[in-house]
Amino acid sequence: MTKAKRKRLIYNLVTFGLVIVAFIILENMISAKAISRSLKGQLVPICAWIIMAVSLNLVIGFSGELSLGHAGFMSIGAYTGAVVSGWLLSAFDMQDPLLRLVLAILAGGILAGIFGVLIGIPVLRLRGDYLAIVTLAFGEIIRNLVNVLYIGTANGKLHFAFLNKEKLPAGVTMLVDGAKGAVKIKPISTFEVGFVLILITLIVVLNLVNSRAGRAIQATRDNRIAAESMGVSVTKYKMMAFVTAAVLAGMAGALYGLNSSTVVPTQFTFNQSINVLVFVVLGGLGNVLGSIISATFLTILPEVLREFADYRMLVYAVVLILVMIFTNNPTTRAFVNRLASPAKKLVRKNRGETAGGGDVK
Amino acid sequence: MTQKPKKHRSDTKMVPVPSHSIIPERDVDEIPVMETRHLGIEFGGLKAVDDFNLTIGKTEIAGLIGPNGAGKTTVFNLLTKVYEPTTGAVLINGQDLHGMSIVQASRLGIARTFQNIRLFDKMTVEENVRIGLHNQIRYDMFTGILRLPRYWKQEKRQHERAMELLDIFGMQDLADETAGSLPYGAQRRLEIVRALATDPKLLLLDEPAAGMNPHETEELMENIAKIRDQFQIAILLIEHDMSLVMGVCEGICVLNFGKVIAKGTADEIQANPAVIEAYLGKKKEG
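Going down the list, the sequences are from chains A and B.
Residue numbers for the first sequence follow the working numbering, so the first one is 521 and each next one is one higher.
Residue numbers for the second sequence follow the working numbering, so the first one is -6 and each next one is one higher.
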């Protein structure tokens, strides 16, 4: 096994290991009732935000395109999940919450994926700042569209209306009620499903990145012209990354939406897209493990900071800046490395002089 | 025959082209790997390349030289479809490149290196070569995600092929290094390996010896000849190092202000007054 391969294997094992160990610890804490109410309520959202961050990292970190509309895909997933779950319950009397949840998540992913393709076709022809602006607009369009969307169910059929609620036949049970959002959702999301969804996300993203398609995606990021000259179809691979991320975001959305009794359009504003962007940048572009950690940390942080009351967001911002400085500033990095270097030297000495053999060129 | 008015190219194809061929004898009976006819491009009225005619034999090593700004790299960009020509046509193995994208041109068998190195900096050396193998050893996205048996088989083939190719320049040891961290000379060599991985019929090298010391240049010269013999491909190179050009190129084409001013063998070019003038300026009349 080559050095690079071993390094990658270790990275992947650590990533999966961390998630699995965290899951086992939390499960034990839940069964021992050793977990605070607020943290327990946060578990499913944390899963959803981790998936959002990892999938956005695929677009930003690996394909190198700045997408600012990721919350749009999440909102599509959340609404689809709510409607599908409500519809399955009323039309087919499907009582099994797990089956409903899985089907809702699948539907959310598929619909978000379809939107990903539709948006991707025009958008991925643009580059850099333009792409960022168009995806930003997309997120806002989705939010405004669901604001005037009415979906009701009656006798096992779904009824759709746009702008005008009166167009729905009388006596329908409302599933999506315009600005009130998706209403009367039966919360069926569980932490276990969220955990499995994280694992699926990790498998998809990490395996994709270390495959022919994933290398092509990274090549288009590093140098577009060179990639094309090597026969790599840039649009195809940018599309692949974009749509895969959209599907995953849709699934995360369904999970997130089915965790509460209502989903409102204002939950998925531009701010949320930026939030996910912060997770990705803080965790490191192209660093999946970093995305997981920063998404977890930054989702819990505002809850922990509740005791600061009015100063909450101020403290949040300060913490964010400090973390950025300590993890990404070259000077502080060099400083930390200097602190760590005596320890490293000691390890190398113990391993014998041959350990340095890897540096020979 | 009805002609579409906008495409100059299609009319020019009808005109019999005077032979500018400097093809080596062994390639004469073969279809030339590349042929350009009246190739030209204008940037806002400036003719960067004008009436460029060149034929390259199937296993020829040809040189494209000229003073700075003569339009050499522009010719490369025309051949690889980075630019769409305003006039004329490029034929690769007898096939017109008209309307093709960079990717399609690459699939026809043109590969290139770049004057300002364009590696995939954040990827490893081996991964860079594997991108070159992108269309040679394939499997689809789902095979990759689900790690089906085909994934392992094709990955192994890619790895072995990449190592074989890296061995041309003895770069196997560097396979795991990040491409961006390599020394300059090694980066240039990696670009050549990456281009070779696409299994080209015509290899375009844009200043391959730039930044190399005389010893490295000599090694490169041997390797260029070795590559031609081993892969049986044609090579067109742009180079300012005259010892390399004169040493390895069978045919040389000299460009100045976008126009071809001379073609021939190394000896002919060195004795050509127009070439000397282009490089050294006009002799003062006594």
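For every residue, glycine included, the Cβ atom is placed at its ideal position computed from N, Cα and C.
As assigned by DSSP and simplified to three states, the class of residue i
i	result
Asn254(B)	According to the sequence as given, residue 254(B) is Ile; it is not Asn. Three-state DSSP puts Ile254(B) in a strand.
Lys677(A)	strand
Lys687(A)	helix
Ala82(B)	strand
Cys246(B)	strand
Ile718(A)	helix
Ile813(A)	helix
Asp43(B)	strand
Asp169(B)	coil
Ile49(B)	strand
Gly64(B)	coil
Met594(A)	helix
Phe107(B)	coil
Ile555(A)	coil
Ile226(B)	coil
Leu159(B)	helix
Val801(A)	helix
Ala747(A)	helix
Gly102(B)	coil
Residue-chain proximity (residue i, chain A), Cβ-Cβ < 8 Å
i	result
Asn109(B)	no
Asn206(B)	no
Glu243(B)	no
Val186(B)	no
Phe113(B)	yes
Gly137(B)	yes
His127(B)	yes
Ser99(B)	yes
Met93(B)	no
Ile34(B)	no
Glu153(B)	no
Thr80(B)	no
Ser174(B)	no
Thr191(B)	yes
Met239(B)	no
Val96(B)	yes
Amino acids of chain A, ordered along the chain, whose beta-carbon sits closer than 7 Å to that of residue i
i	result
Ala168(B)	Thr522
Contacts that residue i makes with chain A (C-beta to C-beta distance below 9 Å)
i	result
Tyr76(B)	Under the 9 Å cutoff, chain A gives no residues; its nearest Cβ is about 12 Å from Tyr76(B).
Tyr272(B)	Simply none; closest approach about 30 Å.
Classification of residue i by the beta-carbon crowding that lies within 10 angstroms, buried from 16 upward
i	result
His208(B)	exposed
Trp607(A)	buried
Ser174(B)	exposed
Gln263(B)	exposed
Asp649(A)	exposed
Pro25(B)	buried
Glu153(B)	exposed
Tyr177(B)	exposed
Ile812(A)	buried
CB contact below 8 Å: residue i versus chain B
i	result
Ala585(A)	For clarity, residue 585(A) is Glu in the given sequence; the question names Ala instead. No - not a single Cβ of chain B is within 8 Å of the one on Glu585(A).
Ile720(A)	no
Leu911(A)	The structure shown has nothing for residue 911(A), since chain A only spans 521 to 881.
Asn857(A)	no
Thr535(A)	no
Ser933(A)	What the structure shows of chain A is the stretch from 521 to 881, and residue 933(A) is not part of that stretch, so it cannot be assessed.
Gly734(A)	yes
Glu827(A)	no
Val724(A)	yes
heavy atom of the ligand MN below 7 Å from residue i C-beta
i	result
Asp44(B)	Among the ligands in the structure shown, none appear at all, so the ligand MN cannot be discussed.
Under 7 Å from the C-beta of residue i: neighbouring residues of chain B
i	result
Arg663(A)	Near Arg663(A) there are no residues of chain B at all, since even the closest Cβ is about 31 Å away, more than 7 Å.
Ala727(A)	First, the residue type needs correcting, since residue 727(A) is Asn and not Ala in the sequence shown. The answer, in chain order, is Gly137, Ile138 and Arg140.
Ile745(A)	Val75 and Arg111
Cβ of residue i within 8 Å of any chain D Cβ
i	result
Tyr144(B)	Looking at the structure shown, chain D is missing, and the protein chains on hand are A and B.
Interface partners of residue i on chain B, CB under 8 Å
i	result
Asp742(A)	Leu112, Phe113, Asp114, Lys115 and Met116
Under 8 Å by beta carbon: chain A residues contacting residue i
i	result
Arg123(B)	Arg732 and Arg735
Arg105(B)	Ser749
Met27(B)	Result: empty, since nearest Cβ-Cβ is about 16 Å, beyond 8 Å.
Residues that residue i contacts on chain B, provided the C-beta gap is smaller than 9 Å
i	result
Gln738(A)	Phe113, Lys115, Met116, Glu120 and Ile124
Anything in the stretch 209 to 234 of chain B with a Cβ closer than 7 Å to a Cβ of chain A? List those residues in chain order, please. Per Cβ criterion, the list is empty.
Positions along the stretch 752 to 777 of chain A whose CB lies within less than 7 Å of some CB in chain B: Residues of the stretch 752 to 777 of chain A with a C-beta atom less than 7 Å from some C-beta of chain B are Val752, Ser753 and Met760, listed in chain order.
Along the stretch 45 to 78 of chain B, where does the CB come closer than 8 Å to a CB of chain A? Name the residues. So the close ones are Thr73 and Val75.
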